Amino acid sequence: MALTLKHLGYFLALSRERHFGRAADVANVTQPALSMQIRDLEDRLGCALIERGREIRLTPAGRSVAERAARILAEVADIEAMARRKTLGGRINVGFIPTVAPYILPHLLPKLTLELGVHEAQTHALLTKLADGSLDAAVIATPPPPGLHGRPLFEDRFLLAGNRRRMAGLSARIEALRPAHLDPDHLLLLDEGHCLADQALAVCGLGREESRLALGASSLSTLSGLVAQGMGLTFLPEISIAVETAAQPAIRLARFADPQPSRQIMLVGTPLAATEGWFDDLSAALQAAAQTISAMPRVALPDDR
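Here our numbering = 1-based position in the sequence shown + 3.
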């Protein structure tokens, strides 16, 4: 009997999780059922795909099958997504990371001619949904993984934010602000899992394992409230400035000296999606929304401190 997509899906889940229990949860089956499917797949191929033990390891054949299974299942998901869009009258499902969605959507949706379904989640969850066809595209701030097409939208620069007292202390002793001037003990960042936290760590030349930064806020709005009350300093992306300073008037900002740290916002999708007209339309609409945000009035920098 020929291989099935079910075989490939179960094995791909195991190859990613490296644990039968977690892979069974991802595949939404029982652990014995998943184990039986993996055994059946190995029997059909006539070779061992994994080394069983306390840790699951892929054999050379297993690595090759996993790579091919990922490509095959991605193509199948792409075909299903294309059919779904036609069935649903052309609705496009797009994911947004939380540090972009609340700032760009109010400027994007009123002007968009596409019928859009919006999903907000962290990067890893959006990429998973892209892979299984639940999403047609996603707006993220990291390079796309292999197998996905990425289109740059705009550069989003980071500004330093704090209250009047903390920012005045910095300006009194530093003429050209650079990330290296900051004390890591005074920085507040988002929860682990937010790509913005990792990008801020990279800007400061720190890895998560060696940092002493306070990681606890679940949103930029929470983070802005903390720094406005003098709890520390943080990095705010430029796209968020108008909203966050309006909500927290006590915030003061400073730009870094050139080259200013920044992140690249990208629209990502499958290679097939990137050839469809809606991908171009959505890219153009996102860029126009970003330009609208950049033209909005800002607090003066940095002399109002």
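Beta carbons: idealized from backbone N, C-alpha and C, even for Gly. Just so you know, these numbers come straight off a predicted model, no measurement behind them.
| query | Helix or strand or just coil, what does DSSP make of His197? | reply | Here residue 197 refers to the residue found at position 194 when the sequence shown is read from its first residue. Coil at His197, not helix or strand.
| said: Three Cβ pairs or more, each shorter than 8 Å: is that satisfied between the segment 129-138 and the segment 243-253? | reply: no
| task | For Ala164, I'd like the list of residues in its chain whose CB is within less than 6 Å of its CB, leaving aside the five on either flank, ordered along the chain. | result | On the sequence shown, position 161 is the one that residue 164 refers to. Within the same chain, Ala164 has close Cβ partners Val230, Thr237, Leu239, Ile254 and Leu256.
| said: Can you check which of these residues, Val206, Arg167 and Leu226, is closest to Asp194 by C-alpha distance? | reply: In the sequence shown, the residue the question calls residue 194 occupies position 191. Looking at the Cα atoms, Leu226 is the closest of the given residues.
| task | Check whether the Cβ atoms of Ala292 and Leu111 sit closer than 8 Å, and answer yes or no. | result | Residue 292 sits at position 289 when you count from the first residue of the sequence shown. Residue 111 sits at position 108 when you count from the first residue of the sequence shown. Contact: yes.
| message | Taking only three categories from DSSP, how would you classify Pro305? | response | As a first step, residue 305 is located in the sequence shown; it is residue number 302 there, counting from the start. For Pro305, the predicted model reports a pLDDT of 44, less than 50, meaning its position is unreliable and no value from the coordinates is stated.
| Among Phe157, Ala144, Leu190 and Leu37, which residue has its Cα nearest to the Cα of Gln202? | In the sequence shown, the residue the question calls residue 202 occupies position 199. Gln202 has its Cα closest to that of Ala144, out of Phe157, Ala144, Leu190 and Leu37.
| message | Judging by CA-CA distance, which residue of Ala104, Ser265, Gln125 and Ile242 is the nearest neighbour of Met299? | response | In the sequence shown, counting from the first residue as 1, residue 299 sits at position 296. Nearest of Ala104, Ser265, Gln125 and Ile242 to Met299, Cα basis: Ile242.
| query | What number of angstroms, rounded off, separates the C-alpha of Ser18 from the C-alpha of Leu133? | reply | On the sequence shown, residue 18 is found 15 positions in, with the first residue counted as 1. On the sequence shown, residue 133 is found 130 positions in, with the first residue counted as 1. One C-alpha to the other measures close to 18 Å.
| said: Quick check: the Cα distance between Arg266 and Ile95, rounded to an integer number of angstroms? | reply: Locating residue 266 in the sequence shown gives position 263, where the first residue counts as 1. Locating residue 95 in the sequence shown gives position 92, where the first residue counts as 1. Going by the C-alpha atoms only, they are around 25 Å apart.
| field | Residues near Ser214 in its chain [Cβ-Cβ closer than 7 Å; skip 5 each side] | value | Working through the sequence shown from its first residue, we reach residue 214 at position 211. Confidence in Ser214 is poor, its pLDDT being 47 and thus under 50, which makes the residue's placement too unreliable to answer from.
| query | For Thr116, which residues of its own chain have a beta-carbon under 6 Å away from its beta-carbon, when the five flanking residues on both sides are left out? | reply | Taking the sequence shown and counting its residues from 1, the one referred to as residue 116 is at position 113. The answer is none, since no qualifying residue turns up.
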